[in-house]
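Residue numbers (the working numbering): 1 to 265.
Below: one structure, written as structure tokens.
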Amino acid sequence: MPSLLEQEFHSSSDFKAYASWELLKKHPYTVDSQHKKSLSKALADRHPDVREAAWAVIPHLDAGSCAAVLADLSWEIGLDAQTRCRLVKSLRALLDTCNAQHFRAIVAAVGLSNWWLRLAATELLQPLLEAAGPEVRLAAVDAVEELGDSMDVKVAGALAARIEDVDASVADAAFKLMEARLADPSADVRRIAVESLAVHAASCPKALAAVLDKLRDSNWLVRTAASHALEIAMPGKEASLAASSCLGHDDSAVRQAAAAAVAEL
């Protein structure tokens with residue numbers, strides 16, 4: 001950023017600040033940590049012309065810089081509802097236009113934002129889990145896991161749905177994340193993970209094996225959730241039959257879980 005412009009951004013003159021942001025629109029740049037604060041403050045400036053000029057700069061920033069400025073803005077004290085709404089809309093527009101390569105920079109920046117923006121970002125990312133391109137879905141899986149709360153039932157359900165993705169890389173990535181949740185020290189996180197896999201147990205052998213394995217969990221709430229999940233997926237004797245059918249599965253982990261479940265059931 002030119003030093004002259006930097007001086008004008010901090011000018012006490014609203015006109016000078018406005019003119020500086022107007023000029024900057026014609027010279028797109030990458031925001032560094034030194035100038036990120038200047039732009040984020042201008043987005044919430046008391047003078048409407050300065051605010052509008054600053055917001056007009058946002059579309060001209062690269063994805064990482066844009067996300068970093070929006071994340072910094074989320075920490076502004078006394079941010080009004082209108083500015084918050086505009087911030088979220090700008091983040092939505094950024095996600096809608098970026099490609100998979102930009103996800104990491106955006107997620108890294110948003111990960112440092114205020115809690116309410118992280119929550120909004122998680123919501124905005126979930127539709128991308130069903131995007132047309134597998135590379136976008138894969139990036140979205142990682143992003144939702146990184147930004148989402150492990151206790152969020154909706155997030156767990158969205159990730160669980162991807163274990164049946166038509167693209168093997170997406171399905172494998174989603175299942176690894178679900179396995180991590182199933183092994184989480186928190187019984188509540190494990191319980192939510194089991195419950196989210198219930199609707200997939202009937203059609204996905206790995207999901208069934210994971211649910212069957214949790215019948216032996218150390219926490220009774222998790223064991224109960226696993227039992228309920230089996231009832232949802234396959235009532236009555238179907239659970240035993242399903243477990244038996246997995247005894248010859250190619251995956252050794254599935255075979256072991258199935259054998260233990262047959263004994264339990």
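Heads up, the beta-carbon is just placed ideally off N, CA and C, and yes, glycines get one too.
Membership of D72 in the alpha helix (DSSP H) is indicated by the continuous run 63-73.
Under the three-state reduction of DSSP, D152 is assigned to coil, being neither helix nor strand.
Note on K176: under 16 other CB atoms within 10 angstroms of its CB, so exposed under the neighbour-count rule. Between the region 34-44 and the region 57-77 there are three or more C-beta pairs closer than 8 Å, enough to call the two in contact.
Rounded to whole angstroms, the separation of the alpha carbons of L129 and A160 is 11 Å. For the pair E52 and A193, the Cα-to-Cα distance works out to about 44 Å.
Comparing alpha-carbon positions, the option among I232, L147, A108 lying closest to W115 turns out to be L147. For the options K89, E145, D149, the alpha carbon positioned closest to that of F103 is the one of E145. By the neighbour-count criterion, in which 16 or more other beta carbons inside 10 Å mark a residue as buried, K206 falls on the buried side.
Using a 10 angstroms sphere on the CB of R46, the tally of other CB atoms stays under 16, which defines it as exposed. When secondary structure is reduced to three states using DSSP, E76 falls in the coil class, being assigned neither helix nor strand.
Between L182 and A210, the C-beta spacing is below 8 Å. Here C85 carries a helix assignment [DSSP, helix/strand/coil]. Pairing R255 with L61, the inter-Cα distance amounts to about 52 Å.
Residues L221, V222, A225 of the same chain have their beta carbon placed closer than 6 Å to that of R191, with the five preceding and five following residues left out of the count. In the structure shown, the three-state DSSP call for P185 is coil.
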